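Protein chains in written order, with the working numbering: chain R, 91 to 669; chain C, 17 to 318. Just so you know, even glycine gets a beta-carbon here, dropped at the ideal spot from N, CA and C. Remember, predicted model here, so these are calculated numbers, not experimental data.
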Amino acid sequence: MLTVSGLTVSVRGEEGERAVVSDLSFTLARGETLCIAGESGSGKSMTSLAIMGLLPQPQARVSAGSIRLGDLDLTALSEKRMQAVRGNRVAMIFQEPMTSLNPVLSIGRQLIEAIEVHTNLSGGDARARAIEALKAVRIPEAESRLKQFPHELSGGMRQRVMIAMALALKPDVLIADEPTTALDVTVQGEVLELLRDLQREQGTAVILITHDMGVVAEMADRVIIMRNGRMIEQGTITDIFERPQVDYTRELLGAVPRMGSGRAVASGKSAEPAKPAAVAEVRELHVRFDLHGGFFGRVTRRVHAVEGVSFSIAPNETLSLVGESGCGKSTTAKALAGLLPYSGDIAIGGRNLAGLGRDERKAVRRDIQMIFQDPYASLDPRMPVGDLVAEPLLIHGIGTPKERTDRVAALFERVGLTVDQMERYPHEFSGGQRQRICIARALALRPKLIIADESVSALDVSVQARVLKLLKELQSEFGVAYLFISHDMAVVENISDKVAVMYLGQIVEMGRSEQVFANPRHPYTKRLIEAVPVPDPARRRTRFARLDSEIASPVRRVGDPPAKLLLQDVGDGHLVAAH
Amino acid sequence: MTTPIAPDAPITAPMPAKRRVGVLGRLLKRPLAVIGLIIIAVTVLGAIFAPWLTAYDPNEQLFDGLTLEGAPLPPNAAFWLGTDLLGRDLLTRILYGARTSLIIGIVANGAALFIGTLVGVTAGYFRGWIGGTLMRFTDLMMAFPALLLAICLAAVFQPSLWIVAMVIALVNWVQTARVVFTETSSLAEREFIDAERTIGASTPRILFRHILPHLLPTIIVWGTLGISTTVLLEATLSYLGIGVQPPTASWGNIIFENQTYFQAAPWLVFFPGAAILALALAFNLVGDALRDILDPTQRGRA
Chain R
91 MLTVSGLTVS VRGEEGERAV VSDLSFTLAR GETLCIAGES GSGKSMTSLA IMGLLPQPQA
151 RVSAGSIRLG DLDLTALSEK RMQAVRGNRV AMIFQEPMTS LNPVLSIGRQ LIEAIEVHTN
211 LSGGDARARA IEALKAVRIP EAESRLKQFP HELSGGMRQR VMIAMALALK PDVLIADEPT
271 TALDVTVQGE VLELLRDLQR EQGTAVILIT HDMGVVAEMA DRVIIMRNGR MIEQGTITDI
331 FERPQVDYTR ELLGAVPRMG SGRAVASGKS AEPAKPAAVA EVRELHVRFD LHGGFFGRVT
391 RRVHAVEGVS FSIAPNETLS LVGESGCGKS TTAKALAGLL PYSGDIAIGG RNLAGLGRDE
451 RKAVRRDIQM IFQDPYASLD PRMPVGDLVA EPLLIHGIGT PKERTDRVAA LFERVGLTVD
511 QMERYPHEFS GGQRQRICIA RALALRPKLI IADESVSALD VSVQARVLKL LKELQSEFGV
571 AYLFISHDMA VVENISDKVA VMYLGQIVEM GRSEQVFANP RHPYTKRLIE AVPVPDPARR
631 RTRFARLDSE IASPVRRVGD PPAKLLLQDV GDGHLVAAH
Chain C
17 MTTPIAPDAP ITAPMPAKRR VGVLGRLLKR PLAVIGLIII AVTVLGAIFA PWLTAYDPNE
77 QLFDGLTLEG APLPPNAAFW LGTDLLGRDL LTRILYGART SLIIGIVANG AALFIGTLVG
137 VTAGYFRGWI GGTLMRFTDL MMAFPALLLA ICLAAVFQPS LWIVAMVIAL VNWVQTARVV
197 FTETSSLAER EFIDAERTIG ASTPRILFRH ILPHLLPTII VWGTLGISTT VLLEATLSYL
257 GIGVQPPTAS WGNIIFENQT YFQAAPWLVF FPGAAILALA LAFNLVGDAL RDILDPTQRG
317 RA
């Protein structure tokens, strides 16, 4: 069906041309799923753009090799003829369903337009085809959905619309570039299952580009592993997972966090009978945002982002908050870090923040530091990283300039950076290095609690594994407690002592890591755990957990607060909400 | 808390001093910036030393400065840039006029920039009712015809150079405020500002160390653009009789006095016009270079 041979893609930069994909060859048969896996910068996205003829112009070009679709050489086609192929015979789904649909056009209009461009169908027939496509991706009430705009749909729904659009014309090849990376796990499961079903029905060949080995194991017939623009290994799914030939593949597979391999230390540590005083004690935390509406801009509705969350964290302990987007986990973190107004009680080291004056509060806040999700966005790009790490010390007036420099140098070495890197600026570092800088910065004040808000989510798996290891080492060294916020159940199981599962602003289940993962009691927890793709092709599931309806909304009318969930102890501190 | 973790860690040279030396040094390495600096220096020196550089008085109507028919003289050996309609030496008037124009271009424009930045940053960072009030006021000022406002203000006060400068500053800050507001409000949403708050950074620190450096490129661009705008606005005011009072020279009023004779005596408009253009260009060149130098991401990756 699709034959790629000797494909080389070059990008012109300041230092001349550089190959970002070199000498890549593969074939794709009808109905087959080929996964291209690799870390960022491995050239996997460039490959897909080359096949689509969408390489960024004028910097990138196919400098050697050919891409043949049937007996058509795609690299030799003019842009005009390529347009006829694109969408019609080769279709693509992008990573971000938020940005790949035009926000000012209704989804019906976008779908029908795509159909009309490539077929002779018009008006009513195109519309019928669009409805059919939406039904195929299991969007309920397809007809009325045509009038909706992208912002009215959830992320999962939007990605389904994208798939509907890609498959409406029954293409021979579908390229899905990280189609589920931006989605929640339960939604990810659904979308993957949908892709598989549609492929079976229509015989479409799929190229799935992903960094997630769990998704690979779930979906692939064959796998290509790429690194630095080169294919370093290819084989059937069982070959790659059971008999990897190349060291890099083994490393990549080894770095993948796995469920069910929770560390034994967790149980050892939590068995300590004498419970030390909590570092942070959160009681009945509420965060609500007012929505103004109506003619006079009165408060008509409220977002109940966090509704009565309570937990405590002991020194040297890691509590994870898990849940899907919009469940309130990041809002909880921000309230704790003092970035959002809240109601309820937060006590740090036994002192309730509510009763303190400004200066005292600043002093207490010193004990909580935060590491953000995106290391590219959380460092001021105009400051040398050494100054950035020294800044908290400077602000709190700790030490002389020389002592500060010494301390920063020591921190740099501790997190695995070198002292001479202190004078550089954030943009000169990779994502993993930047996250290390953020960690050094958070550690500078020797806090009692570090909040890590999705701090490893943006990193490649191998980098992620090293940063997690560093975090664990620092915990045993400094006795710092972590509040770890993540959507990734596998990572959470590996790092946590305690886990709290959040849904719609409330905790539905909380307990020690092994309690929650080995014996999930709440249906939502069960579904979350089931939805995680397992990086083992032998344990591929036939059915994914399915959501029957859209997730309920935390937006409610004024005077209609959600019912408070009561947590019951089902044994040994394992709390579960009534359901 | 103050004990150093590793006292024997290698110490690097303190950075700030090194960087400050670097800015001027790097500026001098750029040919275009050097050209700009030279033009600015020549203008400033010319304005200061005007009495020593020219033999004529700027306001004196010279007997041999006009033809027998009473027409102005084109550039010649005695009057290098020619004479104006009243027989005054144009070079002398441009040199003295540089004093007025530099004060307007730098002081008035600088004041406008300062007010605009202050309003924009305050409104953009604090939002709420403070921001709302400030920005509505800015919108009001924008909608109000600037010239009309200037005329009103100038009519209230006795016209003098400093009053004119103040009037121009009060009229010209709005655009800067609007642009700075937009940038500040998007900066304030960036994650690194949240990160600063979590380490306990005070509001002044966030504003001065983390917001202002990011606004510099915008402020520099508006500042350099503002020089020609303000110099010309002063000329407009002079033309309406509410600017710098004749016979005091300014580049703007030389152009306005003579523009109707443009076809008969083009040098009268050309030379002061070229002076404004050169000064604006010079500040642009320096500003551009400064913007690149101050942006660490523009430097090569190590």
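Considering only beta carbons, the part of the region 200–222 of chain C lying closer than 8 angstroms to chain R consists of R206, E207, F208, D210, A211, E212, R213, T214, I215, G216, A217, S218 and R221, in chain order.
By the rule that beta-carbons nearer than 9 angstroms mark a contact, T133(C) does not touch chain R. For H376(R), the enclosing beta strand (DSSP E) begins and ends at A370 to G383. Counting the other CB atoms within 10 Å of its CB gives R235(R) a total of 16 or more, which places it among the buried residues. Between A154(R) and V99(R), the alpha-carbon positions lie close to 7 angstroms from each other. In the structure shown, L411(R) adopts extended strand secondary structure according to DSSP, grouped into three states. The bridge partners DSSP lists for D267(R) are I299(R). Within the region 137–205 of chain C, the alpha helix (DSSP H) runs of at least 4 residues that lie entirely inside it are, in chain order, 144–159, 162–172 and 177–204. Annotation for V58(C): the continuous alpha helix (DSSP H) segment containing it runs P47 to I64.
For R250(R), the number of other beta carbons within 10 angstroms of its own is at least 16, and it is reported as buried. In this structure, the straight-line span from the alpha carbon of H208(R) to that of L259(R) is close to 8 angstroms. Runs of the alpha helix (DSSP H) spanning 4 or more residues and lying entirely within the region 415–463 of chain R occur at 419–426 and 448–455, in chain order. Spanning the alpha carbons of R514(R) and I309(C) requires a straight line of approximately 15 angstroms.
Within the model, the alpha-carbon separation for F568(R) versus F607(R) is close to 27 angstroms. Taken through DSSP and simplified to helix, strand or coil, P88(C) comes out as strand. Neighbours of T240(C) in chain R, taken as residues whose beta carbon is under 9 angstroms from its own, are absent, since the nearest beta carbon is some 21 angstroms off.
A residue is called buried once 16 or more other Cβ atoms fall within 10 Å of its Cβ, and T270(R) is buried on that count. In the structure shown, H486(R) falls within a coil segment according to DSSP collapsed to helix, strand and coil. Against chain C, a Cβ distance below 9 angstroms from L429(R) picks out D210, R213 and T214. In the same chain as V172(C), and ignoring 5 residues on each side of it, no C-beta atom comes closer than 6 angstroms to its own. Under the Cβ distance rule, C417(R) does not count among the residues neighbouring chain C, no pair being separated by less than 9 angstroms. Along the region 227–251 of chain C, the positions whose C-beta sits under 8 angstroms from a C-beta of chain R are P229 and H230, read in chain order. Sixteen is the threshold: when 16 or more other Cβ atoms of the shown chains lie within 10 Å of the Cβ of N269(C), as they do, the residue is buried. Where G155(R) is concerned, the enclosing beta strand (DSSP E) starts and stops at A150 to L159. With respect to chain C, the C-beta atom of F462(R) has a partner C-beta closer than 9 angstroms. Counting every other CB atom within 10 Å of its CB across the protein chains shown gives G257(C) a total below 16, marking it as exposed.
One alpha carbon belongs to V589(R), the other to G601(R), and they sit about 6 angstroms apart.
Annotation for E503(R): the continuous alpha helix (DSSP H) segment containing it runs P491 to R504. With a contact defined as Cβ atoms closer than 8 angstroms, G198(R) and K237(R) qualify at about 6 angstroms.
Straight-line spacing of the CA atoms in L507(R) and S168(R) works out to 49 angstroms.
For L228(C), there is no enclosing beta strand (DSSP E); the residue is part of the alpha helix (DSSP H) that begins and ends at L228 to Y255. Here the alpha carbon of R115(C) sits roughly 44 angstroms from the alpha carbon of E481(R).
Beta-bridge partners assigned by DSSP to C125(R): L298(R) and V313(R).
Against chain C, a Cβ distance below 8 angstroms from Y572(R) picks out nothing, because the smallest value is about 15 angstroms. Put simply, the backbone Cα of V194(R) is about 10 angstroms away from that of Q200(R). Note that the C-beta distance between V598(R) and A667(R) is below 9 angstroms.
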